[in-house]
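Following: one structure in structure tokens, then a few remarks.
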Amino acid sequence: MKHPLALAALALALTSGVAAAQSPAVAAAAATSATSETPQSRWSNVATQTLAAGGVNFAYRELGRHHGGTPVILLNHLAAVLDDWDPRVVDGLAATRHVIVFDNRGVGASTGSPANAMEQMADDAILFIDATGFRQVDLFGFSMGGMIAQEVALKRPQLVRRMILAGTGPAGGEGISTVAGVANYDMLRGLLTGQDPKQYLFFTRTARGIEAGKAFLARLKERSQDRDQEIAVAAYVAQLQALNAWGRKAPADLSTITQPVLIVNGDDDRMVPTSNSVDLARRLPNSTLLIYPDAGHGGVFQHHADFLPKAIAFLSR
1 MKHPLALAAL ALALTSGVAA AQSPAVAAAA ATSATSETPQ SRWSNVATQT LAAGGVNFAY
61 RELGRHHGGT PVILLNHLAA VLDDWDPRVV DGLAATRHVI VFDNRGVGAS TGSPANAMEQ
121 MADDAILFID ATGFRQVDLF GFSMGGMIAQ EVALKRPQLV RRMILAGTGP AGGEGISTVA
181 GVANYDMLRG LLTGQDPKQY LFFTRTARGI EAGKAFLARL KERSQDRDQE IAVAAYVAQL
241 QALNAWGRKA PADLSTITQP VLIVNGDDDR MVPTSNSVDL ARRLPNSTLL IYPDAGHGGV
301 FQHHADFLPK AIAFLSR
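In UniProt numbering, the protein residues as written are 1 to 317.
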């Protein structure tokens with residue numbers, strides 16, 4: 001979460017009462033970068049690149065290109081940019097997979113006006129994926145990214161091979177329309193206590209959860225050069241509007257999503273209540289549910305050592 005006081009104050013005011021082979025496109029973009037991926041590249045130092053599509057210059061990073069196969073596209077959470085992905089998770093996946101992470105339209109270093117609807121964000125994700133030249137991808141959506149992933153699978157089912165949905169829920173799910181209140185409250189709480197809001201939003205307040213949060217936040221600082229631009233207030237507010245609308249939307253028929261899906265969460269998610277993960281598992285016909293104890297919204301980050309082998313095995317099938 002960036003600019004906690006400014007984001008929270010403006011968002012509270014504005015949202016009050018608001019209802020494959022190697023892709024030629026990606027290969028060409030990589031070739032033009034003087035600091036493109038090397039065997040020593042990690043999430044802390046891999047180059048940030050841009051890919052033009054539909055009038056937008058999408059900022060992205062990729063690792064593990066040499067592995068080939070179906071790439072894994074990572075879809076980010078509320079208020080997040082490239083540097084908000086846990087390096088252990090990205091590097092862990094890239095040890096065996098081709099991983100691509102991008103900023104959506106108007107977020108971070110990507111150009112354009114930010115979308116204020118989940119359906120628009122899914123359209124932008126499809127636009128970016130099509131521009132890479134890949135005909136099929138795996139999706140790993142965290143929180144809001146998991147909602148975007150669902151929309152992508154509904155809009156373009158042939159584009160998606162497998163999905164990992166972490167800390168997320170379905171349209172109309174319990175508590176999703178009130179995410180803005182939870183996020184803004186914890187931003188202000190973080191400001192008053194001198195802590196990063198993610199410590200409250202992503203982790204439990206038990207001793208184990210607090211220590212996991214500190215370790216996660218330290219990992220986010222490992223990249224010291226070529227960091228992404230922080231999210232703008234307008235983009236954050238647009239995302240809150242999208243979450244509010246998604247939470248009030250009529251539930252979709254998820255039985256049409258027949259791809260294998262791994263659903264992951266902590267047992268005490270304050271942002272997107274864990275009951276939503278259970279609901280997703282019930283409604284997605286080919287799903288597996290993984291719930292971590294004494295963990296919150298960021299369960300995949302807290303338990304990355306256990307999650308990664310399971311995720312890699314799932315994606316390798």
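Note that beta-carbon positions come from the ideal geometry of N, C-alpha and C, so glycine has one too.
For residue i, the nearest candidate out of the options (CA to CA)
{"i": "L139", "options": "A117, T132, P114 and L165", "result": "L165"}
{"i": "A131", "options": "L159, Q40 and E151", "result": "L159"}
{"i": "T111", "options": "K155, G133, Y60 and E151", "result": "Y60"}
{"i": "L201", "options": "S143, L262 and A115", "result": "S143"}
{"i": "E119", "options": "R270, Q241, F307 and T256", "result": "Q241"}
{"i": "V137", "options": "G145, R162, F102 and L280", "result": "R162"}
{"i": "V107", "options": "D84, P260, S275 and V264", "result": "D84"}
{"i": "E216", "options": "A234, Q195 and Q225", "result": "Here residue 216 turns out to be Phe, not Glu, going by the sequence shown. Ranking A234, Q195 and Q225 by Cα distance to F216 puts Q195 first."}
{"i": "V261", "options": "R282, L82 and T274", "result": "R282"}
{"i": "F307", "options": "W43, Q40, V90 and V101", "result": "V90"}
{"i": "L127", "options": "D267, T48, A232 and A53", "result": "A53"}
{"i": "A122", "options": "L220, Q239, Q225 and D279", "result": "Q239"}
{"i": "E230", "options": "A180, D103 and S275", "result": "D103"}
{"i": "A47", "options": "K221, G190, I263 and Q225", "result": "Q225"}
Cα-Cα separation, residue i to residue j
{"i": "P309", "j": "G55", "result": "38 angstroms"}
{"i": "L51", "j": "R105", "result": "12 angstroms"}
{"i": "R65", "j": "R97", "result": "8 angstroms"}
{"i": "Y236", "j": "A117", "result": "12 angstroms"}
{"i": "G209", "j": "G299", "result": "10 angstroms"}
{"i": "G213", "j": "F203", "result": "6 angstroms"}
{"i": "I291", "j": "R227", "result": "32 angstroms"}
{"i": "A109", "j": "R135", "result": "25 angstroms"}
{"i": "G145", "j": "A125", "result": "10 angstroms"}
{"i": "Q49", "j": "I148", "result": "22 angstroms"}
{"i": "M187", "j": "A232", "result": "15 angstroms"}
{"i": "A95", "j": "R42", "result": "10 angstroms"}
{"i": "Y185", "j": "H67", "result": "42 angstroms"}
{"i": "V101", "j": "I129", "result": "11 angstroms"}
{"i": "R189", "j": "K155", "result": "38 angstroms"}
{"i": "V99", "j": "D279", "result": "28 angstroms"}
{"i": "A234", "j": "I263", "result": "30 angstroms"}
C-beta contact flag for residue i and residue j at 9 angstroms
{"i": "F301", "j": "R88", "result": "yes"}
{"i": "A295", "j": "L93", "result": "no"}
{"i": "residue 334", "j": "G169", "result": "The question about residue 334 has no answer, for the chain in this structure spans 1 to 317."}
{"i": "N45", "j": "R223", "result": "yes"}
{"i": "Q150", "j": "L254", "result": "yes"}
{"i": "G172", "j": "G247", "result": "yes"}
{"i": "N265", "j": "G167", "result": "yes"}
{"i": "S316", "j": "N244", "result": "no"}
{"i": "I257", "j": "A115", "result": "no"}
{"i": "H303", "j": "R270", "result": "no"}
{"i": "D267", "j": "P293", "result": "yes"}
{"i": "residue 395", "j": "D86", "result": "The shown model of the chain, from 1 to 317, leaves out residue 395, and the question about it has no answer."}
{"i": "V272", "j": "V179", "result": "yes"}
Buried/exposed call for residue i, threshold 16 Cβ in 10 Å
{"i": "A28", "result": "At A28, the pLDDT of 43 sits below 50, so the modelled position is not reliable; the number obtained from the coordinates is stated separately. So A28 counts as exposed."}
{"i": "S113", "result": "exposed"}
{"i": "A34", "result": "With a pLDDT of 36 at A34, under the threshold of 50, the predicted position of this residue should be treated as unreliable, and no value is reported."}
{"i": "K198", "result": "buried"}
{"i": "E211", "result": "exposed"}
{"i": "P157", "result": "exposed"}
{"i": "L63", "result": "buried"}
{"i": "residue 338", "result": "Examination of residue 338 is not possible in this model, given that the chain is present from 1 through 317 alone."}
{"i": "T38", "result": "exposed"}
{"i": "A183", "result": "buried"}
{"i": "T274", "result": "buried"}
{"i": "A305", "result": "exposed"}
Between the region 63-76 and the region 271-286, can you find at least three pairs of beta-carbon atoms closer than 8 angstroms? They do not touch, by the three-pair rule.
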